[in-house]
Amino acid sequence: MRDDIVRKKLIFKGEVQFVGFRFQSKYLADTLGLTGYVENLPNGDVLMEVQGRMETIQDLILCLHQKKPIRIESIEEETLSVKAGEKKFRYMW
Numbered sequence: 054m055r056d057d058i059v060r061k062k063l064i065f066k067g068e069v070q071f072v073g074f075r076f077q078s079k080y081l082a083d084t085l086g087l088t089g090y091v092e093n094l095p096n097g098d099v100l101m102e103v104q105g106r107m108e109t110i111q112d113l114i115l116c117l118h119q120k121k122p123i124r125i126e127s128i129e130e131e132t133l134s135v136k137a138g139e140k141k142f143r144y145m146w
């Protein structure tokens, strides 16, 4: 595993459910070569665990900020341990 790979837990707050957030997240993560998952939380937030190069994760976040009608008000971020062998980015239900 490369030394520059990180895993982040991100909680997105704002208008992030019922606006295509998970679809856009998966599309962008697949395009950028990131792994992890995204899921809606009962309180209206969205949880994402994403793994890859930090610069690429930042690109994903920037792209999500630009997608309408998604409106991200804030993001809580936590660094997690890298999951070796993870190959895909997926939806969680």
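To convert, take the position in the sequence shown, counting from 1, and add 53; that gives the numbering used here.
Built from N, CA and C at the ideal position, the CB exists for glycine as well.
Counting only unbroken stretches of 3 or more residues, the beta strand (DSSP E) elements lying wholly within the segment 77–126 are 88–93 and 99–106, in sequence order.
Taken atom to atom, the span from the alpha-carbon of S134 to that of V91 is near 17 Å. Boundaries of the beta strand (DSSP E) around F65: I58 to E68. DSSP, read as helix, strand or coil, puts R55 in coil. At the C-beta level, N93 and Q70 come within 7 Å of one another. In its chain, beyond the 5 residues on either side, K120 have a beta carbon closer than 6 Å to the beta carbon of Q77. DSSP, reduced to helix, strand and coil, places F142 within a strand of the structure shown.
The C-beta distance from L113 to A82 rounds to 6 Å, short enough to meet the 8 Å contact threshold.
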